Amino acid sequence: MTFATSLLFLLVVLLVGTIVWLWLRQQRLEAVCQQLTDTQQRLLKDISGLCAAAVRMDERGLEQSRRLAEITALTEHLELRESSETPSYQQAIERIKQGVEAEDLAQECGFTREEAALLLRLYGEDAGKFSK
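For the sequence shown, position 82 matches number 68 in this note's numbering, and the numbering has no gaps at all.
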């Protein structure tokens, strides 16, 4: 074999080796690319699921806020109705300290005469006599 033939044979072997190495490298890169594509698809599905869950939570939060507003309004309405129906005992006690009579107290605060008399006994000037 001559030097030129040996050199040509060596170049062919190197070229075939390089082609095989490049082909193997391409196969590995394609596998990595496929893994990345699969991961990307999985992450997109996860993001889609999280967005759907966030929308449901937002809707649920809005529903809870609406229900809370209804309950708050109902509670305020009931408190107003209750306060307008119930005589103010604190107001009655203040009027007793000012010296109001039982009949006037009953008319002003919406008590019966018996309730007004009882309050006068409890909080009037003579109240200290009953506690001894």
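Where a beta carbon is used, it is the ideal one built from N, C-alpha and C, also for glycine. Values in this document were obtained by computation on a predicted structure and should not be read as measured data.
Spatially closest choice to residue i from the options, by CA coordinates
i   : options                : result
A78 : E101, E45, A39 and L8  : E101
E94 : S51, Y75, Y109 and E45 : Y75
Environment of residue i [buried if 16+ CB atoms lie within 10 Å]
i   : result
G92 : What sits at residue 92 in the sequence shown is Ala, not Gly. By the 10 Å Cβ count, A92 comes out buried.
I57 : exposed
Own chain residues within Cβ distance below 7 Å of residue i, not counting five before or after
i   : result
A88 : R99, A102, A103 and L106
Range covered by the alpha helix (DSSP H) that runs through residue i
i    : result
E89  : A88 to C95
E101 : R99 to Y109
Q77  : Y75 to K83
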